[in-house]
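All remarks here apply to the structure that follows.
In the numbering used here, the protein residues as written are 18 to 397.
In C-alpha cells:
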C-alpha cells in the first residue's frame with residue numbers, strides 16, 4: 018500500500034468534515050431547508066471576499082465565473098487590458114476574444130509580476146480601455162501580482178476584474194477596501210471542496226455596467242442569478258451536495274479565523290521556499306511568490322515528468338508539473354487549502370528522495386531541516 022498525498026494546486030485535499038457534509042441525504046433545492054444552508058453560506062462568503070455586496074454561487078468551474086464576468090460587463094468590440102503572465106492570464110485573453118472584445122495584452126515574463134508603472138502607461142496610451150483583467154495569484158507561474166496597487170489606478174477608470182482563484186482564502190484580498198470591481202474564485206483551492214462551484218462578486222459600479230453591457234448571456238446572466246440568490250434560491254439547479262460541503266468548509270475557516278488562515282498559508286509557503294533554497298534549487302518566482310504554491314526550477318538533466326511519475330507512483334506524493342514552455346522544467350508544490358506543517362515536510366522529504374534517486378547531489382534532511390525552522394514558528 019502507498020498512502021497518497023495530494024500537493025497540487027487544485028484540486029486540493031478535501032477535509033473529512035466536508036466529505037461528510039457532502040454525503041448528506043439529497044434534498045430538493047426549492048425548500049426552506051436548502052435556503053437556510055444557502056443563506057448561511059452566502060453570508061460567510063461576504064466575509065471571505067471582504068465585501069457587503071452579494072457573492073454569487075455558480076454551478077461551474079472557476080473559469081465559468083471568469084466567463085460570467087466578461088459576458089456581463091462588456092459590449093462587442095470594446096477594449097480590455099489583459100495582464101498575460103501565465104496560463105491563466107492567457108485564459109482571460111481567450112475568453113475576451115471569444116466574446117468579440119479587443120484584448121490588449123500586457124505580456125509579462127513567466128515567473129515575474131507585472132509592474133504597476135507599466136499598467137499605468139498602458140492605461141494612458143489606451144484611454145478607451147473598459148476593463149483590466151488580471152490574476153491575483155497566477156497559479157501556473159506561482160506569481161503574486163500587485164492587485165492592490167493596480168486597483169488604485171482603476172478606481173475611477175476601467176473596471177478591474179480579478180481572478181482570485183488561488184488567492185481568495187489564501188491571503189487578504191480586500192474587495193471593497195482596495196477597490197476591486199469584480200472578484201472571482203473557485204471551490205477546489207482554498208475552499209477545500211471538489212471542483213464544481215464558481216464564485217463571483219461585483220461592486221455597485223460593476224452592477225451598473227451589467228445594465229448596459231451588450232454581450233450575449235443566458236446561463237451566466239448575473240442579473241437573473243442575483244435576483245434569485247437574494248431570495249436564497251438559484252436561477253437554475255444548484256450543485257446541492259457541493260453547497261452542503263461549502264457550508265461546512267466556510268464553518269471551518271470561520272472557526273480557524275481568517276487571520277490565522279492567512280498566517281498558516283504564509284508560513285507553509287515560506288517553509289517550502291526555504292527548503293528549496295537549502296537544497297540549492299532555484300525558485301521560479303523568487304521576487305513575488307504566491308503563498309498558494311511554490312514553483313521550483315529543476316536541475317539540468319532531470320526531466321520533470323519523470324520526476325513527478327516517481328513521486329506519485331512510488332511515493333504517493335502528487336505535485337503539479339509546469340505548463341506550456343515550462344513543462345518538464347519545473348514542478349509546483351501546493352500549500353493551499355487543507356494543508357498543514359506536516360504536509361510540507363512530506364513534500365520536501367519526498368522531493369529530496371526523488372532527487373537522490375535521479376542522482377542529483379542532495380543531502381537528505383537538509384531541506385526538511387530548513388522547513389522545520391520556519392514551521393516551528395507555530396509551535397514556539
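Each residue gets a CB set at the ideal place from its N, CA and C atoms; glycine is no exception.
Check: Cβ-Cβ distance between residue 45 and residue 254 below 8 Å; Outcome: no
Check: Straight-line gap, residue 334 to residue 164 (C-alpha atoms, nearest Å); Outcome: 33 Å
Check: Distance, residue 299 Cα to residue 129 Cα; Outcome: 14 Å
Check: Residue 152: first and last residue of the uninterrupted alpha helix (DSSP H) it sits in; Outcome: Here residue 152 belongs to no alpha helix (DSSP H); instead the beta strand (DSSP E) covers 148 to 152.
Check: Residue 366 versus residue 63 - alpha carbon distance; Outcome: 38 Å
Check: Whole-Å CB distance - residue 86 paired with residue 178, under 8 Å assumed; Outcome: 5 Å
Check: C-beta contact flag for residue 207 and residue 35 at 8 Å; Outcome: no
Check: Residue range of the unbroken beta strand (DSSP E) whose run includes residue 248; Outcome: Per DSSP, residue 248 belongs to no beta strand (DSSP E) and is neither H nor E.
Check: Other residues of its chain near residue 244: CB distance less than 6 Å, five sequence neighbours each side excluded; Outcome: none
Check: Under the three-state DSSP convention, the category residue 49 falls into; Outcome: helix
Check: Those residues which DSSP pairs with residue 180 across a bridge; Outcome: 152 and 201
Check: Proximity to residue 155 [Cα-Cα], best of 29, 362, 241 and 310; Outcome: 310
Check: Cβ separation of residue 259 and residue 210, assumed to be a contact under 8 Å, to the nearest whole Å; Outcome: 6 Å
Check: C-beta neighbour in chain B for residue 305, strict 8 Å; Outcome: No chain B appears in the structure shown, which is made up of a single protein chain.
Check: Sheet register partners of residue 304 (DSSP bridge); Outcome: In DSSP, residue 304 forms no bridge with anything.
Check: Expected contact under 8 Å - CB spacing of residue 215 and residue 175 to nearest Å; Outcome: Actually they do not touch by this definition, with Cβ atoms about 23 Å apart.
Check: Counterpart residues of residue 23 in DSSP-defined beta bridges; Outcome: 335
Check: Option nearest residue 319 by Cα separation, candidates 358, 295 and 374; Outcome: 374
Check: Where residue 129 sits in the DSSP three-state scheme; Outcome: coil
Check: Reduced DSSP secondary structure (H/G/I, E/B, other) of residue 382; Outcome: coil
Check: Option nearest residue 139 by Cα separation, candidates 171, 353, 152 and 157; Outcome: 171
Check: Backbone secondary structure at residue 185 - three-state DSSP; Outcome: strand
Check: Other residues of its chain near residue 287: CB distance less than 7 Å, five sequence neighbours each side excluded; Outcome: 391
Check: Residues of its chain near residue 394, where Cβ-Cβ distance is below 7 Å and the 5 sequence neighbours each way are ignored; Outcome: 284
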